[in-house]
Amino acid sequence: MPPSSLFASMSPRLALAALPLFLAACASGTREAPAPRIELPPGFHHANADRSAPAAPIDPEWWRAYGDPELDALLRRVAESNPELARAEARWRQALSQVDAARALALPQLGAGASVTRRGGGASTGARRLYDAGLDLSWAPDLWGRAARSREAAAADADAQAALLDAARLALQLAAAQGYVRLRALDAQLALQAEAEVAYTRSLQITRLQYEAGLVARADVIQADTQLQSLRTQAFTLQRQRALEANALALLAGATPTDFPVAAREGALPAVPPVPAALPAELLRRRPDLAAAGRQLAAAHARLGLAQTAWLPDLTLSASAGWQSTGFARLLDAPSRVWSLGPRLAATLFDGGARRANEALFGAAYDEQAAAWRAGVLAAVRETEDALAQLATLAEQERQQARLVELASENERVVGYRYEAGEISFLEVATAQNLALSARRAALDVRAQRLAASMALVAALGGGWQPMP
C-alpha cells in the first residue's frame, strides 16, 4: 500500500505518532540487491576432467599457453590500440564522473550572487537603484538514504562499465586469436598447395613422357594438365581468404593493413593445451560480462530504492547572509546587512500517480536486469559446454584424420608406382592424389578448429579475468 493510502486510513493523532517510525523504516531499507537464484549442475556435461578436483586458475595472459610469440604480440597490440576498447574505456571514465557527481549530492551547496535593480513607484517616490549582494548555504540531510542510493547506483554503474571494458577486451582478443589461427591455417594450406603443385607437375611430366613413348593416350595428358591447372586456380581462393583475414587482424590491432602487415609463415600449427577444469559456480567469478550484469542488477536495485523514497518529504536546511542598499557606497554598512536561517520541509501531496508509475518503472527495470543476469549465466554455461563438446569430438576427429592422411599418402605412393609401371590409367593416379590432398587439408582444418575451440573455452571461463581492486 502506498504511504498516502496508509496514513489516510489512520486517525490524525495515530498518523502523527506513526510517521517517525514509518520514515525510519523507509530510510533503513535494505541496500544490497538480493541475488537471483539459479540452479546450476555440479559439473559440465561434456567435461572429461575430474569434477572433484579444484579448478586450475587461468593465466590472465592465457594466449601464452599456445607458445606463439607473434600471437602474443598481436593480442597485446589489440589491448593497447583497438578503437572499440578506447570507446569502452571512455564509457568507464564517464561512469566514474557520475560517481563523483552522486557523491556531491550529500554535501552542502554554497552560492554567491550580486545584482543591481532599478525600481519605481508612484509619482512622489520616483525611481531608485537597489544594490544586493549575498551568500546562500543550503544542505539537504540524507534522512531517507536518497543520496546514498544515488551513490550506490553510480558506483555499481562504474563497476559494471569496468567489467564491460574487460569483457570487450577479452572478446576482441578472442576474435584476434581465432583470426590468427585461421590465417596461419591458410598459410599451411598454401604451403600444402605448393607441395601438391610440385607433385602434380611431376605427374604431368611423367604422363607426357609416357605419351611420347606411346604408352598412354592423349586423354591422360589432358587429365594431368587439367588437374594441375585446377590446383593452381584454387590457390587464388586461399590467397584471397588470407588477405581478408590479415585485413581483419589489422583492424582489431587498431591499424591499417599497410601499417600492420602479417607476413606469411610456414610451419605446423601450435599444439592445443590441456583443457582446464572448472565448475559452474566458479564460472560466475571468472567472467567479466557476468560481473557486469551483477553490478547492473545492483544499480537497478539502488534506483528502485531511490524511487521508493519519493513518497517521503524533503528537508532542506538553508542559511543566507547579504547586503542590500540603495547606494553602492553604503552596501557594506551594518544597517544594510540581512540574513536568514531555517529549515524547510516539503512534500508532494498529489501527483496524479507519477510516483507510483515511477516506482513501477524501476521495479520492472530491476526485474529486467535480474532476467538478463540469469540469461547471461545460462549463456555462459552453454558457451562452455559448446566448447567442451567441440574439443572432445575434434580431438578424436583429429586422431582419425591423421590415420586417414597416412592411408591416403600410402595409397598415393602405391598408385604412383603402378602408374609408372604402366599397370593403371592416370585416372586412378588423379583420384589418389586428390584424396591425399583432401585428407591433408581436412587435417589442417580440424587442427585449426581445435585451436579455435580451445580459445573459445578459455574465453567462456573468463580468460583469467580478475576484478579491479
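Mature numbering (1 follows the signal peptide of the UniProt record, and there is no 0) puts the sequence shown at residues -17 to -1, 1 to 452. Using N, Cα and C, we set each Cβ at its ideal position, and we do this for glycine too. Note that this is a predicted model, so its numbers are computed, not measured.
- For the pair Asp142 and Arg225, the CB atoms are not nearer than the 7 Å cut-off.
- Under the three-state reduction of DSSP output, Leu371 falls in the helix class.
- Of all alpha-carbon atoms in Asp140, Leu298, Arg382 and Val441, the one lying nearest the alpha-carbon of Asp428 is that of Arg382.
- Taking Gly446 as the centre and dropping the five residues before and after it, the same chain places the C-beta of Trp45 and Leu153 closer than 6 Å to its C-beta, in chain order.
- Cβ-Cβ distances below 7 Å link Arg357 to Pro19 and Ile21 in the same chain, with the five nearest sequence neighbours on each side left out; the list follows chain order.
- When the beta-carbon positions are compared, Leu88 and Ala130 come within less than 7 Å of each other.
- Sixteen is the threshold: since fewer than 16 other Cβ atoms of the shown chains lie within 10 Å of the Cβ of Gly325, the residue is exposed.
- The Cβ-Cβ distance between Ala302 and Leu147 does not fall below 7 Å.
- The beta carbons of Ser437 and Pro256 sit about 6 Å from each other, so the pair counts as a contact at 8 Å.
- Burial check for Arg111: the Cβ neighbour count within 10 Å stays below 16, so the residue is exposed.
- For the pair Arg60 and Ala236, the CB atoms are nearer than the 7 Å cut-off.
- The alpha helix (DSSP H) runs of length 4 or more contained entirely in the stretch 43 to 72 are, from start to end of the chain, 52 to 64.
- DSSP places Trp356 within a helical segment (H, G or I) once states are collapsed to three.
- When the beta-carbon positions are compared, Thr299 and Arg339 stay at least 7 Å from each other.
- Between the stretch 111 to 123 and the stretch 80 to 97 there are three or more C-beta pairs closer than 8 Å, enough to call the two in contact.
- In the three-state reduction of the DSSP assignment, Gln449 falls in the coil class, being assigned neither a helical nor a strand state.
- Counting the other CB atoms within 10 Å of its CB gives Ile205 a total below 16, which places it among the exposed residues.
- For Phe219, the uninterrupted alpha helix (DSSP H) run begins and ends at Arg201 to Leu235, by DSSP.
- For the pair Gln291 and Leu232, the Cα-to-Cα distance works out to about 50 Å.
- Under DSSP, Arg327 forms a beta bridge with Thr299.
- Between Gln384 and Ala415, the C-beta spacing is not below 7 Å.
- Around the beta carbon of Glu403, fewer than 16 other beta carbons sit within 10 angstroms, so the residue counts as exposed.
- The criterion of a C-beta distance shorter than 7 Å is not satisfied by Leu440 and Ala353.
- Between Leu187 and Asn65 the beta-carbon gap is near 48 Å, outside 8 Å, which marks them as no contact.
- Burial is judged here by how many other beta carbons sit within 10 angstroms of a residue's own beta carbon; Ala247 has fewer than 16 and is exposed.
- DSSP links Leu93 through a beta bridge to Leu120.
- Burial check for Arg286: the Cβ neighbour count within 10 Å reaches 16 or more, so the residue is buried.
- Taking the C-beta atoms as reference points, Ala30 is found nearer than 7 Å to Leu371.
- For Ala293, the secondary structure class from DSSP, reduced to helix, strand or coil, is helix.
- Collapsing the DSSP output to three states places Ala347 in a helix.
- Put simply, of Ala304, Tyr349, Phe243 and Val388 the residue whose alpha carbon is nearest the alpha carbon of Gly117 is Ala304.
- Put simply, the stretch 397 to 413 touches the stretch 189 to 202. At least three CB pairs are less than 8 Å apart.
- In this structure, the alpha-carbon of Glu228 lies about 6 Å from that of Gly162.
- Excluding sequence positions up to five before and after Val164, its CB lies within less than 8 Å of the CB of Leu252, Ala431, Leu434, Ala435 and Met438, all in the same chain and listed in chain order.
- When rounded, the separation of the alpha-carbon atoms in Pro450 and Pro271 is 8 Å.
- The alpha-carbon separation between Glu366 and Leu377 amounts to approximately 16 Å.
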